[in-house]
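Report on the structure given below.
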Amino acid sequence: MQIIENLKVKEKLYIEKLANGLTVMIIPKPGMKKKYMIWGTNYGSNDNKFIVPGEQEVTEVPNGVAHFLEHKLFEQEDGTNSLDTLTALGVNANAYTTNDHTAYLFECTDNFYEAMDELMDYVQHPYFTDENVEKEKGIIGQEIRMYDDYPDWRVYLNTLEAMYHENPIKIDITGTIETISKIDKDILYKCYNTFYHPSNMAMVISGDFKPEELLEEVKKRLVENKPCGEIKRIYPDEPEEIVKPEIVQKLEVSNPIYTIGIKDIRNEKSQNKSEIVKKQLSMEILLNLIFGRSSKLYQALYKDGIIYGEPSLDYEFGKNYAHVLITGMSSNPREVYRAFKERVEELKNNGINKDDFERLKKMIYGSYVKEYNDVQDIARMFLSDYFKGIYSFDYLEEIEGINVEYLNQVLKDVFKEDKMVLSIVENE
Amino acid sequence: MEHEIKEIKKGIKFHTLNTDKFKTNLFAIFLSTKLNRENVTKNALISMLLRRGSKTMKTQEEISKKMEELYGASFDCGLDKTGDNQVLKFYIEAINDKYLPEHNENILKTVIESLLDIVFNPYIENEGFKKEYLEQEKNNVKQRIEGKIDNKARYSLERCIEEMYKDEPYGLYKFGYEEDLDKINEKDLYKYYSELINSCKIDIFLSGSLNGTIEKFIEQNENIKKLQEREPNFEIPKLPEKKEIKENVVTESMDVSQGKLVIGLNVNIDNDEEKYWTLMYNSILGGSANSKMFQNVREKAHLAYVASSSYYRFKSIIFINSGIEISNYEKALEVIKQQIEDMKKGNFTEEEIENSKKGIIAAIKTIDDEQDTGITYYFGQELSNSNVSEEDYIKKIENITKENIVDIANKVQINTIYFLKD
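So the protein sequences, as listed, match chains A and B.
Residue numbering for the first sequence follows our numbering, beginning at 3 and increasing consecutively.
Residue numbering for the second sequence follows our numbering, beginning at -11 and increasing consecutively.
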């Protein structure tokens, strides 16, 4: 296995791409009793339109299939459910779907290999019937309704709606009650056979292990697979412009909830690994500089009672999208938005203060070191970064290279007023 | 991980959890005081006000800048209701000196001094808190109180608790009451704060890679020195009083697309040992994917996505939670009541018992692998005046029999059924 060592956090990544195309990553954590295994496929809610390897015509499936598949994969032919089997082993099992990947996982102290048997068995052996697909519609229907009642989720989805014309990032991961009603077992098999090939998947394990031995255990449990061609994913062209500057939804909430979104553009440069990492780090520094706990903007709005607590500051990106999301609660979201834009302009004109930059760079460095405390955080981080084409250690390495000039440039490139939207959820 | 306790002064304890497993050190201060109607809002305000500034770091901006400078030390505050106590929690998590890019820095001592300063040496003007800070934090507390409705599932749980504990301390909302806010001024609140820090139970926790000098460093800190000895004013959990109760059904309306059903159960245990049995009972009833709730309400009847139960050992109560189609209320209630009945009749297998034991024991074993979980575990023991090692805890779980669980099942009574609909 290839070993990548990081001297800053004093951790090692063992990585190998197997003959069948599967990438296995192991991060040993000697002395930890907890063990974590996660197996993911590079397939999420965004992948609704594609060409199956070997076919000519385009396949288009209803929204919510990736998530529906995640629910149904636990079903076994002998009538058992793998979630029950794993739980009975005393392990904590789960699965989740994002816009670009789906992952199956468990955390345990004992019975690791028994749990691995089950996980690797159910992910490699789908069993869908008309009956088991139908019954899931009731359960997922209630999951959708649950999210309908979360104002934070509504304000997020609405922000994407205001930013994107076509990009499937704006689709709700679960689909809607209407779209999931169209899902049947044939659609599930087709998507499974297309996207659950080892060459489209990656596995991460963290805990007290000897990596070489563990890798052999993984290999033993893999079923034979024919090599498969490239999956052609079809994403619609997305204009650079936003859809609309403001979007408002009425819900019963105590105070208005807002998200400021900024649509960013992905170009050639943004496919370069080092650039992706530097951009992400710069965005984190910038967002804290503009609206973090020590910022002038935060202090002023807090003092005036316009905001309660600090907003969450995120920069999200994938293969064909990238955006800023600033979310919080405010008595007056439009005033927050105005003050935010004013502060951005001020910073663009005056440039970034060197002391602020150095301090926040230290802070972001620390935040990445903290990610290495827990096997779960480590495994999830390596998986999700892997599907973005990054090794998680890269963040710790690239941060050194960021300087004020670079940051000033990113500020000018991303924080453009005509790319900003405001989403509000408020009372009638 | 070694857990050591030292009583610095009567009523003030310093706990160390020495371990090399983590990249961070976690330093925490918990102030515990009896929950009551008179002081609940004041305590909430204090927990928010202390974040605003100390004598040495006068503004929130100064505190934040200092934390950022310490490689993003994260300073956090929390307010909890644990049994009949209100607990004000303050934390700083900072990376261990070993993982700093430039060596020879010692940030742990700065972290300790900063948090002690924030909690015990607040910014004062004219013998009171700063008026401007108080007014802003009143506004924040008011928002927290109103904000109760924002998460409908949590709101339903809070409402169920209120219904179960009318006119009792545990029924109070941890952020207090809006009508109290106008009556509180900066001078009286500071006077109250001075009484609080000299009467509450104080627990100081430090988890991380530590050396022998740290204990002395804390004992000799000026802010610690000026604290008085005290007979700490906190409540140790009592066994539940047995009283006849009539099932209380409460239905309320709000703008929701899904109905939220919460059922509050009393568990009338006779001794502390039965708390372990109740933990097992809850695990089988609704604590995991193999539980009766998950299997019957979700997998068999397809009525819900969330179908679970959770055990609050400080009050010996269990809450059943489920999000359902509003029109399915009767059906869901019937299925859930059937599970409670089945537990009473002992309709569960040895296998279900063994599986639950495995799950609980795995959770106990991971206590040491998470810094905050370790602290929460030992703090829970402090508040319940117990001292059970992880090994003993595991043994107690292993020894539980089916009879023990059926015994608990027959001590379970439905107290309140709360339903939030449109």
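All residues carry an ideal CB built from backbone N, CA and C; glycine is no exception.
Everything numeric in this text was worked out from a predicted model, so none of it was measured.
7 Å CB neighbourhood of residue i in its chain, flanking five on each side removed
{"i": "I349 (chain B)", "result": "I382 and I385"}
{"i": "Y264 (chain B)", "result": "K384, I385 and I388"}
{"i": "E207 (chain B)", "result": "I(-4)"}
{"i": "G1 (chain A)", "result": "Coverage of chain A is limited to positions 3 through 430, which leaves residue 1 (chain A) absent and any answer about it impossible."}
{"i": "I262 (chain A)", "result": "I328, Y339, F342, M422 and L424"}
C-beta neighbour in chain B for residue i, strict 8 Å
{"i": "S256 (chain A)", "result": "yes"}
{"i": "L409 (chain A)", "result": "no"}
{"i": "R361 (chain A)", "result": "yes"}
{"i": "T89 (chain A)", "result": "yes"}
{"i": "S386 (chain A)", "result": "no"}
{"i": "K445 (chain A)", "result": "Residue numbering for chain A in the displayed model covers 3 to 430; residue 445 (chain A) lies beyond these limits and cannot be assessed."}
{"i": "R295 (chain A)", "result": "yes"}
{"i": "V115 (chain A)", "result": "Looking at the sequence shown, residue 115 (chain A) is not Val but Tyr. Answer no: the Cβ-Cβ gap between Y115 (chain A) and chain B never drops below 8 Å."}
{"i": "Y310 (chain A)", "result": "yes"}
{"i": "T181 (chain A)", "result": "no"}
{"i": "D266 (chain A)", "result": "no"}
{"i": "D86 (chain A)", "result": "yes"}
{"i": "L253 (chain A)", "result": "yes"}
Proximity test, Cβ basis, 8 Å: residue i and chain A
{"i": "F15 (chain B)", "result": "no"}
{"i": "S276 (chain B)", "result": "yes"}
{"i": "D64 (chain B)", "result": "no"}
{"i": "G164 (chain B)", "result": "no"}
{"i": "H290 (chain B)", "result": "yes"}
{"i": "K140 (chain B)", "result": "yes"}
{"i": "Q74 (chain B)", "result": "no"}
{"i": "T201 (chain B)", "result": "no"}
Proximal residues of chain A, C-beta to C-beta of residue i below 7 Å
{"i": "F10 (chain B)", "result": "N375"}
{"i": "M268 (chain B)", "result": "Those do not exist, as M268 (chain B) stays about 13 Å from chain A at its closest Cβ, beyond 7 Å."}
{"i": "N373 (chain B)", "result": "Within 7 Å Cβ-Cβ: nothing; N373 (chain B) doesn't reach chain A, min ~28 Å."}
Nonlocal neighbours in the same chain, by C-beta distance under 6 Å from residue i, ignoring five residues either side
{"i": "A97 (chain A)", "result": "E72 and Y106"}
{"i": "Y323 (chain A)", "result": "N169 and I171"}
Endpoints, the beta strand (DSSP E) within which residue i is located
{"i": "S62 (chain B)", "result": "S62 to T70"}
{"i": "L253 (chain A)", "result": "L253 (chain A) -> no beta strand (DSSP E), and no H or E assigned at all."}
{"i": "N24 (chain B)", "result": "Premise fails: N24 (chain B) is in no beta strand (DSSP E) and is neither H nor E."}
Residue i versus residue j - alpha carbon distance
{"i": "G368 (chain B)", "j": "T361 (chain B)", "result": "10 Å"}
{"i": "I185 (chain A)", "j": "P64 (chain A)", "result": "7 Å"}
{"i": "L288 (chain A)", "j": "F407 (chain B)", "result": "45 Å"}
{"i": "Q301 (chain A)", "j": "E49 (chain B)", "result": "7 Å"}
{"i": "Y304 (chain A)", "j": "E277 (chain A)", "result": "35 Å"}
{"i": "E180 (chain A)", "j": "E313 (chain B)", "result": "16 Å"}
{"i": "I173 (chain A)", "j": "V54 (chain A)", "result": "22 Å"}
{"i": "M27 (chain A)", "j": "T47 (chain B)", "result": "45 Å"}
{"i": "D395 (chain B)", "j": "G274 (chain B)", "result": "17 Å"}
{"i": "M122 (chain A)", "j": "T196 (chain A)", "result": "18 Å"}
{"i": "L385 (chain A)", "j": "Y178 (chain B)", "result": "50 Å"}
Within chain A, partners of residue i - CB distance below 8 Å
{"i": "Y87 (chain B)", "result": "K10, V11, K12 and V371"}
{"i": "S245 (chain B)", "result": "R147, D150 and D151"}
{"i": "S52 (chain B)", "result": "G294, R295 and S296"}
{"i": "A350 (chain B)", "result": "G92, V93, N94, C110, T111 and D112"}
{"i": "K97 (chain B)", "result": "Those within 8 Å of K97 (chain B) in chain A number zero; the least Cβ separation is about 17 Å."}
Endpoints, the alpha helix (DSSP H) within which residue i is located
{"i": "T364 (chain B)", "result": "Q359 to S372"}
{"i": "N211 (chain B)", "result": "E210 to K213"}
{"i": "Q144 (chain A)", "result": "D132 to D150"}
{"i": "S369 (chain A)", "result": "K356 to K372"}
{"i": "C193 (chain A)", "result": "K187 to F197"}
{"i": "K97 (chain B)", "result": "I95 to F108"}
{"i": "F395 (chain A)", "result": "F395 to E400"}
{"i": "H69 (chain A)", "result": "V67 to K74"}
Beta-carbon neighbours of residue i, restricted to chain B and to distances below 7 Å
{"i": "V416 (chain A)", "result": "Neighbours of V416 (chain A) on chain B: none; closest Cβ ~22 Å, over 7 Å."}
{"i": "E145 (chain A)", "result": "Y293"}
{"i": "G307 (chain A)", "result": "Q124 and N127"}
Chain B contact residues for residue i, given Cβ-Cβ distances below 8 Å
{"i": "I366 (chain A)", "result": "G60"}
{"i": "F34 (chain A)", "result": "Residue identity check: residue 34 (chain A) is Met in the sequence provided, not Phe. The contacting residues are K9 and D357."}
Chain-ordered chain B contacts of residue i [CB-CB under 9 Å]
{"i": "I141 (chain A)", "result": "R286, E287, H290, L291, A292 and Y293"}
Within chain A, the residues that residue i reaches when beta carbons sit closer than 9 Å
{"i": "K384 (chain B)", "result": "By Cβ distance, chain A contributes nothing, its closest Cβ being about 16 Å from K384 (chain B), past 9 Å."}
{"i": "E49 (chain B)", "result": "R295, S296, S297, K298, Y300 and Q301"}
Close Cβ partners of residue i (< 8 Å) along its chain, the five nearest in sequence each way excluded
{"i": "Y121 (chain B)", "result": "L37, R40, G41 and Y111"}
**Q.** Within 8 Å of chain D by C-beta, residues of the region 312 to 338 of chain A in sequence order
**A.** Among the chains of the structure shown, chain D does not appear; the protein chains present are A and B.
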